[in-house]
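Trainee: Have a look at this one before I ask anything.
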Amino acid sequence: MGEPNDTKPRVLLIHNFLSPFRIPLFRELATRMDLDVWILGDIRAVRDWPADAPEAGFRLRRVPHFLIPLGSRYNVILLNPTLPFDLIRNRYDAIIFCAWDTPAAFYTALHARLTHVPFILWSGSTAAEDTRLRRATLPIVRWLVKSATAWLAYGTRAKEYLVSLGAAPERTMLAYNTVEIDEFAKRAAAVPRAETRARLEITTRHLILYAGNLLDLKGVPELLDAFALFSKQHSDATLLLVGSGNGEAGYREFCATHGITDRVRFEGFVAREELARYYAIADLLVLPSRSEIWGLVINEALACGLPVLATDVCGAAPDLLQDGVNGYVVPSRNPRALCNAMLRFFDDTTDREAMTWAARDAIAPFTVARTADAFVAALKCALDSHAS
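In structure tokens form, the structure reads like this:
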């Protein structure tokens, strides 16, 4: 994992879970700062993802924890009783903390304030997340935001929300949420489209893809409703649902009731490294979420040259999608709007090849290196501000 480096700022980055898509960013950051990454929970508790980080390329520590479930697998509170003592025993030049949905955020910010260590808050939350829990905890969230020395935002909407809560705009950096776009593009380019469709027994002319958890919050009911409407005018199309979730039984029942069972495929969970195969054979990705902090499948799809239809609550939409150019943005919870966008995309007058090139062009600047640049800028800003 490497040894501490005396020539670079010693930085602690605390994250709730070790998501596979974060590893490339952490590796890049470890080349630019003397980085320790502390993980607060086990990703397997909330996602069907691997927990290990083979050849991580950065110093990694898992903080002891336990979980309190809040009604579903995807909604939990992480408790880390040893973290206050761990923070006291270690000294850093700066601390970066991702998100604010855990008690650990509060006592990390408090520790940073008491020990006069620059505290950088990294967040993707937007004003669209108007939940009862957010409203109830808003005073604490405001205190947490104002406790930071600098801020990192997933995108434009996240920055706007941070500023509305008290962050200084000039010290809030856009650290765009992203993936290894070149890797996805390379994998997709290697996929033989016709042969892969045949192997998966996709016989229709058009293929619409959804990739994500099968949950109402992800807008799957609206997508199925929209596809049922769409199918009345386009019978030569398949909807492929990649992912798993506790809503699947109800969604299958909906398909049977509305006569679209033969045109909707439930593919189940697919490992992240296999997703490019599905992006490569699809015509359109749909992300119909009712709430979505960002939506990394948008990054992944665009990298593979796949246009995207997303709802306006998706945090990535303002930064990555241009309506009618590389995809479409429609109101959430609106099946008719989703259907109309699908009809528009598959209309014979739509230049889908141009949208494919526009998809690749749009995502090209959103690299891991660029996001790491924002972290370095926020760190410099925090250290300079703290020294003055």
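Numbering-wise, our numbering puts 243 at position 254 of the sequence shown, and it's gapless, one number per residue. Don't be surprised by glycine CBs; every beta carbon is placed ideally from N, CA and C.
Output the distance between the C-alpha atoms of Tyr240 and Thr300, rounded to the nearest integer angstrom.
Mentor: As a first step, residue 240 is located in the sequence shown; it is residue number 251 there, counting from the start. As a first step, residue 300 is located in the sequence shown; it is residue number 311 there, counting from the start. One C-alpha to the other measures close to 20 angstroms.
Trainee: At the level of alpha carbons, what is the spacing between Tyr267 and Val168?
Mentor: On the sequence shown, position 278 is the one that residue 267 refers to. On the sequence shown, position 179 is the one that residue 168 refers to. The alpha-carbon atoms of Tyr267 and Val168 are separated by roughly 17 angstroms.
Trainee: Can you tell me where the alpha helix (DSSP H) with Ile352 in it begins and where it stops?
Mentor: The sequence position of residue 352 within the sequence shown is 363, counting from 1. Taken as a continuous stretch (DSSP letters only), the alpha helix (DSSP H) holding Ile352 covers Arg341 to Ile352.
Trainee: What distance in whole Å lies between the Cβ atoms of Gly30 and Asn5, which are believed to be in contact at a cut-off of 8 angstroms?
Mentor: To locate residue 5, count along the sequence shown from 1; it is residue 16. To locate residue 30, count along the sequence shown from 1; it is residue 41. Contact flag correct, Cβ pair sits at about 6 angstroms.
Trainee: Taking His195 as the reference, give the member of Ser220, Leu264 and Pro158 with the closest Cα.
Mentor: Here residue 195 refers to the residue found at position 206 of the sequence shown. Of the candidates Ser220, Leu264 and Pro158, the one whose C-alpha sits nearest the C-alpha of His195 is Ser220.
Trainee: For Leu14 versus Val357, is the C-beta distance shorter than 8 angstroms?
Mentor: Within the sequence shown, the letter at position 25 stands for residue 14. Within the sequence shown, the letter at position 368 stands for residue 357. In contact: Leu14 and Val357 (Cβ atoms closer than 8 angstroms).
Trainee: Quick check on DSSP: helix, strand or coil for Gly232?
Mentor: As a working note, residue 232 is residue 243 in the sequence shown. Reduced to three states, the DSSP call for Gly232 is strand.
Trainee: Quick check on DSSP: helix, strand or coil for Trp283?
Mentor: Position 294 of the sequence shown, counted from the first residue, corresponds to residue 283. Correct three-state label for Trp283: coil.
Trainee: On a CA-only basis, which of Phe335, Trp283 and Ala217 is nearest Glu118? Give me that one, please.
Mentor: One-based indexing of the sequence shown puts residue 118 at position 129. Looking from the CA of Glu118, the closest CA among Phe335, Trp283 and Ala217 belongs to Trp283.
Trainee: Would Ile129 and Ala101 qualify as a contact pair, given that the criterion is a beta-carbon distance under 8 angstroms?
Mentor: Here the question's residue 129 lines up with position 140 in the sequence shown. Here the question's residue 101 lines up with position 112 in the sequence shown. Taking 8 angstroms as the Cβ cut-off, Ile129 and Ala101 do not qualify as a contacting pair.
Trainee: Using a 10 Å radius around the Cβ and a threshold of 16 neighbouring Cβ atoms, would you call Ser321 buried or exposed?
Mentor: For this step, residue 321 is matched to residue 332 along the sequence shown. Under this definition Ser321 is a buried residue.
Trainee: Roughly how many angstroms lie between the CA atoms of Ala347 and Arg80, to the nearest whole one?
Mentor: In the sequence shown, the residue the question calls residue 347 occupies position 358. In the sequence shown, the residue the question calls residue 80 occupies position 91. Whole-angstrom Cα-Cα distance: 47 angstroms.
Trainee: Counting Cβ pairs closer than 8 angstroms, one from the segment 157 to 164 and one from the segment 177 to 186, do we hit at least three?
Mentor: Judged by Cβ distances under 8 angstroms, the segment 157 to 164 makes no contact with the segment 177 to 186, as fewer than three pairs qualify.
Trainee: Under the rule that 16 or more other beta-carbon atoms within 10 Å means buried, what is Leu122, buried or exposed?
Mentor: Taking the first residue of the sequence shown as 1, we reach residue 122 at position 133. The residue in question, Leu122, is exposed, as its Cβ has fewer than 16 Cβ neighbours within 10 Å.
Trainee: Give a yes or no on contact between the segment 327 to 334 and the segment 208 to 228, applying the rule of three or more CB pairs nearer than 8 angstroms.
Mentor: yes
Trainee: Starting from Glu184, trace the alpha helix (DSSP H) in both directions and tell me its first and last residue.
Mentor: Residue numbering aside, residue 184 sits at position 195 when the sequence shown is read from its first letter. Counting along the chain, the alpha helix (DSSP H) containing Glu184 begins and ends at Arg182 to Arg188.
Trainee: Report the option in Leu1, Ala217, Leu310 and Phe216 whose CA atom is closest to the CA atom of Phe108.
Mentor: Indexing the sequence shown from 1 puts residue 108 at position 119. It is Leu1.
Trainee: Once DSSP output is grouped into helix, strand and coil, what is the label at Phe255?
Mentor: For the purposes of this step, residue 255 is taken as the residue at position 266 of the sequence shown. Under the three-state reduction of DSSP, Phe255 is assigned to strand.
Trainee: What number of angstroms, rounded off, separates the C-alpha of Ser153 from the C-alpha of Ala147?
Mentor: Walking along the sequence shown from the start, residue 153 turns up at place 164. Walking along the sequence shown from the start, residue 147 turns up at place 158. One C-alpha to the other measures close to 10 angstroms.
Trainee: Once the 5 residues before and after Asp225 are set aside, which same chain residues still bring their CB inside 8 angstroms of it?
Mentor: Here residue 225 refers to the residue found at position 236 of the sequence shown. The beta carbon of Asp225 lies closer than 8 angstroms to those of Thr193, Arg194 and His195 in the same chain, with the five residues before and after it left out.
Trainee: Sort out for me which residues DSSP pairs Pro58 with in a bridge.
Mentor: Position 69 of the sequence shown, counted from the first residue, corresponds to residue 58. In the DSSP output, where bridge partners are listed per residue, Pro58 has Val65.
Trainee: With distances taken from CA atoms, which of Tyr199, Ala260, Leu291 and Ile352 is nearest Val253?
Mentor: On the sequence shown, residue 253 is found 264 positions in, with the first residue counted as 1. Val253 has its Cα closest to that of Tyr199, out of Tyr199, Ala260, Leu291 and Ile352.
Trainee: So for Val168, helix, strand or coil by DSSP?
Mentor: For the purposes of this step, residue 168 is taken as the residue at position 179 of the sequence shown. It is coil, neither helix nor strand.
Trainee: Is it right to say His105 is buried, meaning 16 or more other beta carbons lie within 10 angstroms of its own, or is it exposed?
Mentor: For the purposes of this step, residue 105 is taken as residue 116 along the sequence shown, with counting starting at 1. The residue in question, His105, is exposed, as its Cβ has fewer than 16 Cβ neighbours within 10 Å.
Trainee: Looking at the secondary structure, which residues open and close the alpha helix (DSSP H) in which Tyr400 lies?
Mentor: What the structure shows of the chain is the stretch from -10 to 377, and residue 400 is not part of that stretch, so it cannot be assessed.
Trainee: For the segment 244 to 261 against the segment 275 to 282, are there 3 or more C-beta pairs whose distance is under 8 angstroms?
Mentor: no
Trainee: In chain order, what residues of the same chain lie with their CB nearer than 7 angstroms to the CB of Cys293, ignoring the 5 residues before and after it?
Mentor: Here residue 293 corresponds to residue number 304 of the sequence shown, with the count starting at 1. Answer for Cys293: Phe173, Ala174, Ala177, Ala265, Tyr268 and Ala269, listed in chain order.
Trainee: Quick check on the DSSP output: the alpha helix (DSSP H) that includes His375 runs from which residue to which?
Mentor: For the purposes of this step, residue 375 is identified with residue 386 of the sequence shown, where counting begins at 1. His375 -> alpha helix (DSSP H) spans Val357 to Ala376.
Trainee: So, using beta-carbon positions, are Leu127 and Ala93 closer together than 8 angstroms?
Mentor: For the purposes of this step, residue 127 is identified with residue 138 of the sequence shown, where counting begins at 1. For the purposes of this step, residue 93 is identified with residue 104 of the sequence shown, where counting begins at 1. Contact flag unset, no.
Trainee: How far does the alpha helix (DSSP H) with Leu72 in it extend, from its first residue to its last?
Mentor: Residue mapping note: residue 72 aligns to position 83 of the sequence shown, counting from 1. Leu72 to Arg78 is the extent of the alpha helix (DSSP H) around Leu72.
Trainee: For Trp38, which of helix, strand or coil comes out of DSSP?
Mentor: Indexing the sequence shown from 1 puts residue 38 at position 49. With a pLDDT of 49 at Trp38, under the threshold of 50, the predicted position of this residue should be treated as unreliable, and no value is reported.
Trainee: Per DSSP, which one or two residues make a beta bridge with Thr300?
Mentor: Residue mapping note: residue 300 aligns to position 311 of the sequence shown, counting from 1. Answer is Val319, bridged to Thr300.
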